[in-house]
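Asker: Numbering (the numbering used here), first residue to last: 4 to 380.
Beta carbons: idealized from backbone N, C-alpha and C, even for Gly.
Here it is, the structure, as structure tokens.
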């Protein structure tokens, strides 16, 4: 009989229960290491199921954000408290009060910081700048108050500058054996560009929608959740080239396995990350980069200094001015006309993931950290 190393509860009221970082990386890694892991998350279209190793306690799904933040968090707290866990690990800012209430001398509470929330609030275009500043400041002080006795888990390198006491557990991809076996060097690349992950304005939805107008030979394929009103805007921007925009995921979550299958469905010319400049994204090494590299795709991305340095370091793509149609057109043309070099970029990226930028390195850090927390608590 296997003896559990400790009872662990992961909580989210915002993320999908199959969220890649929460479920596929952290929860599964901890389960594999011998911890008793339970996930408290919203209902899914189909449940995690009895054959899945992670116990899933469901929360009601609210379409209204205010109701979710009030009733969803209350429900999460009640269900989490009953489990009397050794470690509570939560993933949303709205759960800060819940984490604070769950903290006891005999347990550990971890706040997993997925985003730079202060900077993210400051870039919300639908609010006036004074309102954004007030909300961002209020959030900062609320976070400082509630999180002062918590451990902090950081998903991004530069977050360490904001949270010096935090522990980096970076959001690198799991190594996909099918990607390793998949060969791209024995057939021509197609005039198809891929974007994976959530689709939004700040993630370049409008810029990506113009690409079929910039180069009429290409089609752009989006695989990730996209609000229906944004999808209509994107089709409108593409105009007469709208048929060259393919959006899979309008108003629905696309699961990790389905996204990974799309990587193998075509011999893509490149993966796209043409984001507009925002303080939030300019400092980040996008998880999207690692996923494109994992699949052996060259990257066409914005030429932010951090991103351009990343591309140069790993020789895995081309960085361009996201507002320059000429540079975007030239990058696409270069990859199309220099396919051996394009495939070499993809191979460079894949090799970097296999050797360095993969979840195995972070899994080891996560498990060591958990062991230490339980030992010294």
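Can the beta-carbon of residue 113 be found closer than 8 Å to that of residue 92?
Answerer: It is a contact, given that the beta carbons lie within the stated cut-off.
Asker: Which residues mark the beginning and the end of the beta strand (DSSP E) in which residue 61 is found?
Answerer: 58-62 is the extent of the beta strand (DSSP E) around residue 61.
Asker: Need the endpoints of the beta strand (DSSP E) that residue 10 sits in, please.
Answerer: From DSSP, the beta strand (DSSP E) with residue 10 extends over 10-14.
Asker: Whole beta strand (DSSP E) runs in the stretch 172-252 with 3 or more residues, listed along the chain?
Answerer: 195-199 and 222-229, all fully within the stretch 172-252.
Asker: In whole angstroms, give me the CA-to-CA distance for residue 118 and residue 47.
Answerer: Approximately 23 Å between the Cα atoms of the pair.
Asker: Say whether the stretch 260-278 touches the stretch 209-217, bearing in mind that this needs 3 or more beta-carbon pairs closer than 8 Å, one atom from each stretch.
Answerer: In short, these stretches touch, since the Cβ pair count reaches three.
Asker: Rounded to whole angstroms, what's the CA-CA distance from residue 267 to residue 197? Just pull it up for me.
Answerer: The straight-line gap from Cα to Cα measures roughly 11 Å.
Asker: Run through the DSSP bridge pairs and tell me what residue 32 is partnered with.
Answerer: For residue 32, which the question treats as bridged, DSSP gives no partner whatsoever.
Asker: By Cβ distance below 7 Å, which residues in the same chain neighbour residue 10 in space, the five residues on each side in sequence not counted?
Answerer: So the qualifying residues of the chain are 39, 86, 88 and 89.
Asker: Per the DSSP calculation, residue 154 is bridged to which residue(s)?
Answerer: According to DSSP, residue 154 bridges with 113.
Asker: Does the distance from the C-beta atom of residue 223 to that of residue 247 stay below 8 Å?
Answerer: Result yes, Cβ atoms of residue 223 and residue 247 sit closer than 8 Å.
Asker: From the DSSP output, in three-state form, read off residue 300 for me.
Answerer: Here residue 300 sits in coil by DSSP.
Asker: Within its chain, find whatever has a CB closer than 6 Å to the CB of residue 217; leave out the 5 residues flanking it on each side and keep chain order.
Answerer: Within the same chain, residue 217 has close Cβ partners 328, 331 and 332.
Asker: Who are the near neighbours of residue 295 in its chain, counting only those whose CB is closer than 6 Å to its CB and skipping five residues on each side?
Answerer: The residues are 274 and 302.
Asker: Within 10 angstroms of the Cβ of residue 264, are there 16 or more other Cβ atoms? Answer buried if so, exposed if not.
Answerer: That one is exposed.
Asker: How would you write the range of the alpha helix (DSSP H) that residue 373 sits in, first residue to last?
Answerer: 362-379 is the extent of the alpha helix (DSSP H) around residue 373.
Asker: Who pairs with residue 275 in a beta bridge, going by DSSP?
Answerer: Bridge partners of residue 275: 303.
Asker: Which residue's Cα is closest to the Cα of residue 97: 251, 177, 41 and 68?
Answerer: Ranking 251, 177, 41 and 68 by Cα distance to residue 97 puts 68 first.
Asker: Alpha carbon to alpha carbon, what distance is there between residue 337 and residue 321?
Answerer: Their Cα atoms are separated by approximately 9 Å.
Asker: Inspect the CB distances between the stretch 236-251 and the stretch 351-362 and report whether three or more fall short of 8 Å.
Answerer: Judged by Cβ distances under 8 Å, the stretch 236-251 makes no contact with the stretch 351-362, as fewer than three pairs qualify.
Asker: Could you say which of 378, 259, 58 and 346 lies nearest to residue 44 if we only look at CA atoms?
Answerer: Selected option, being the one with the closest Cα: 58.
Asker: Can you tell me the Cβ-Cβ gap for residue 309 and residue 348, rounded? I've got them flagged as a contact below 8 Å.
Answerer: At roughly 19 Å, the Cβ-Cβ gap does not stay under 8 Å, so residue 309 and residue 348 are not in contact.
Asker: So, are the CB atoms of residue 221 and residue 297 less than 8 Å apart?
Answerer: Contact flag unset, no.
Asker: Roughly how many angstroms lie between the CA atoms of residue 131 and residue 189, to the nearest whole one?
Answerer: Distance between the alpha carbons of residue 131 and residue 189 is about 53 Å.
Asker: Beta-carbon separation of residue 339 and residue 174 under 8 Å?
Answerer: Taking 8 Å as the Cβ cut-off, residue 339 and residue 174 do not qualify as a contacting pair.
Asker: Whose CA, out of 204, 270 and 255, lies closest to the CA of residue 299?
Answerer: Looking at the Cα atoms, 270 is the closest of the given residues.
Asker: If you measure between the beta carbons of residue 287 and residue 161, is that distance less than 8 Å?
Answerer: Result yes, Cβ atoms of residue 287 and residue 161 sit closer than 8 Å.
Asker: How many Å lie between residue 282 and residue 366 at the Cα?
Answerer: So the alpha carbons of these two residues sit roughly 29 Å apart.
Asker: Using DSSP's beta-bridge definition, name the partner residues of residue 320.
Answerer: Answer by DSSP bridge pairing, in chain order: 302.
Asker: Please report how far the alpha carbon of residue 305 lies from the alpha carbon of residue 342, in whole angstroms.
Answerer: The straight-line gap from Cα to Cα measures roughly 21 Å.
Asker: If you draw a straight line from the alpha carbon of residue 228 to that of residue 199, how long is it in whole angstroms?
Answerer: Looking at the two C-alpha atoms, the distance is approximately 9 Å.
Asker: Have a look at residue 345 and residue 231 and give me their C-alpha separation to the nearest angstrom.
Answerer: Near 33 Å, if we compare the C-alpha coordinates of residue 231 and residue 345.
Asker: Which runs of the beta strand (DSSP E) spanning at least 3 residues fall entirely within the stretch 71-155, listed in chain order?
Answerer: The qualifying runs are 90-93 and 111-116.
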